[in-house]
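Numbering (full-length UniProt numbering), first residue to last: 1 to 250.
Backbone N, C-alpha and C fix where the C-beta goes; we use that ideal spot for every residue, glycine too.
Bear in mind that the values here come from a model prediction, so they are computed numbers and not experimental data.
Below is one structure; the comments refer to it alone.
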């Protein structure tokens, strides 16, 4: 059993991707096969929900940037899945830790791919879950390689709340950390999110060389000071292999 209003809303949203970036009420009613009043009502519901907006200059409607981001995230996730499958399987032979592929979503990291290492404890993040970027290796990598203006804007939004005694809590220290990550080509979390839990991550690039995601390994260790630095080489190599799968070449 389906709700007709939901089905109509879904059909209307699909129409924006089929033909034009801007459409009117009459056009949508005709293409979807509903009355003009129904199309008008559904459209304004989508406007209230932040999925569609009215363009004042034309009087027509278009998808908001939120919907564009959702589409881009879905496409990116699929491409990453295809490119990461074999490299992650290879990395799995070199570590007992949990492997993740993540993208930046505001000031959070969003995990879009995951592999369990041999003997992994079931405590790490599942696909579709989020974590604060500032206290994860993946987040540091994704923030470190942003354009300067975008990086500055996002860092201003972050509240550097301590989770453990090792969490970075000042902007000066965090900016210095991001500079170090960018210089060395990988990021680390050494007990900053949970005591004893470490992670290491490297950047994944698109065909233009822009960092679009990160690949990481997370594991509980006895000594957080060296953390997982012994995996720096393998994690960087894995990131390069995934990037190559996306079309990037050094």
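Residue span of the beta strand (DSSP E) that contains residue 165, given as start and end:
Walking along the chain shown from the start, residue 165 turns up at place 165. No beta strand (DSSP E) holds residue 165; DSSP gives it neither H nor E.
Considering only residues of the same chain and omitting the five flanking positions on each side of residue 29, which have a CB-CB separation below 6 Å?
Along the chain shown, read from residue 1 onward, the residue named residue 29 stands at position 29. Excluding residues within five positions, the ones whose Cβ falls inside 6 Å are 36 and 39.
If we ignore side chains and look at the alpha-carbon of each, how far apart do residue 5 and residue 42 end up?
Mapped onto the chain shown, residue 5 falls at position 5. Mapped onto the chain shown, residue 42 falls at position 42. Roughly 7 Å between the two C-alpha positions.
Decide yes or no for the touch test of the region 183-201 against the region 77-86: beta carbon pairs closer than 8 Å, at least 3 of them.
no
Residue 97: which of 149, 217 and 83 sits nearest, CA to CA?
What you label residue 97 is simply residue 97 of the chain shown in a count that begins at 1. Ranking the options by Cα distance to residue 97, first place goes to 217.
Just curious, the beta strand (DSSP E) that residue 61 is in, first and last residue?
Locating residue 61 in the chain shown gives position 61, where the first residue counts as 1. Where residue 61 is concerned, the enclosing beta strand (DSSP E) stretches over 61-63.
Distance, residue 230 Cα to residue 140 Cα:
Position 140 of the chain shown, counted from the start, is the residue given in the question as residue 140. Position 230 of the chain shown, counted from the start, is the residue given in the question as residue 230. So the two alpha carbons sit approximately 18 Å from each other.
In the DSSP assignment, what residue or residues form a beta bridge with residue 108?
The count along the chain shown starts at 1 and reaches residue 108 at position 108. For residue 108, which the question treats as bridged, DSSP gives the partners 105 and 132.
Cross-strand partners of residue 220 (DSSP beta bridge):
To locate residue 220, count along the chain shown from 1; it is residue 220. BP columns for residue 220 point to 197.
Following the continuous beta strand (DSSP E) through residue 34, name the residue where it begins and the one where it ends.
Sequence index remark: in the chain shown, residue 34 carries index 34 (1-based). Careful: residue 34 lies outside any beta strand (DSSP E) and carries neither H nor E.
Same chain only: Cβ atoms within 6 Å of residue 190, ignoring 5 sequence neighbours per side
Looking up residue 190 in the chain shown gives position 190. Counting only Cβ-Cβ distances below 6 Å, and skipping sequence neighbours, we find 198, 224 and 227.
Pairwise C-alpha distance: residue 183 and residue 48:
If you number the chain shown from 1, residue 48 lands on position 48. If you number the chain shown from 1, residue 183 lands on position 183. Straight-line Cα distance between these residues: approximately 44 Å.
Pick helix, strand or coil for residue 25, following the three-state DSSP scheme.
One-based indexing of the chain shown puts residue 25 at position 25. Helix at residue 25.
Status (buried if at least 16 other CB within 10 Å, exposed otherwise) for residue 208:
For the purposes of this step, residue 208 is identified with residue 208 of the chain shown, where counting begins at 1. Looking at its Cβ environment, which holds fewer than 16 other Cβ atoms inside 10 Å, residue 208 is exposed.
For residue 55 and residue 105, what's the separation of their Cα atoms in angstroms?
In the chain shown, counting from the first residue as 1, residue 55 sits at position 55. In the chain shown, counting from the first residue as 1, residue 105 sits at position 105. Taking the straight line from one Cα to the other gives about 26 Å.
With distances taken from CA atoms, which of 87, 88 and 137 is nearest residue 110?
Start at 1 with the first residue of the chain shown, and residue 110 comes out as number 110. With distances taken between Cα atoms, residue 110 lies closest to 137.
Could you check the C-alpha separation between residue 133 and residue 81 for me, to the nearest Å?
Here residue 133 refers to the residue found at position 133 of the chain shown. Here residue 81 refers to the residue found at position 81 of the chain shown. One C-alpha to the other measures close to 21 Å.
DSSP on residue 53, reduced to helix/strand/coil?
Numbered from its first residue, the chain shown carries residue 53 at position 53. DSSP places residue 53 in strand when its eight states are reduced to three.
Which value, in whole angstroms, describes the spacing of the CA atoms of residue 14 and residue 52?
In the chain shown, counting from the first residue as 1, residue 14 sits at position 14. In the chain shown, counting from the first residue as 1, residue 52 sits at position 52. Their Cα atoms are separated by approximately 12 Å.
For residue 114, does the three-state DSSP call read helix, strand or coil?
By one-based count along the chain shown, residue 114 stands at place 114. Here residue 114 sits in strand by DSSP.
So if DSSP puts residue 213 in a beta bridge, which residue, or which two residues, is it bridged to?
Along the chain shown, read from residue 1 onward, the residue named residue 213 stands at position 213. Answer by DSSP bridge pairing, in chain order: 204.
If I measure Cβ to Cβ from residue 142 and keep anything under 6 Å in the same chain, skipping five residues before and after, which residues do I get?
Position 142 of the chain shown, counted from the start, is the residue given in the question as residue 142. Hits under 6 Å: 104 and 214.
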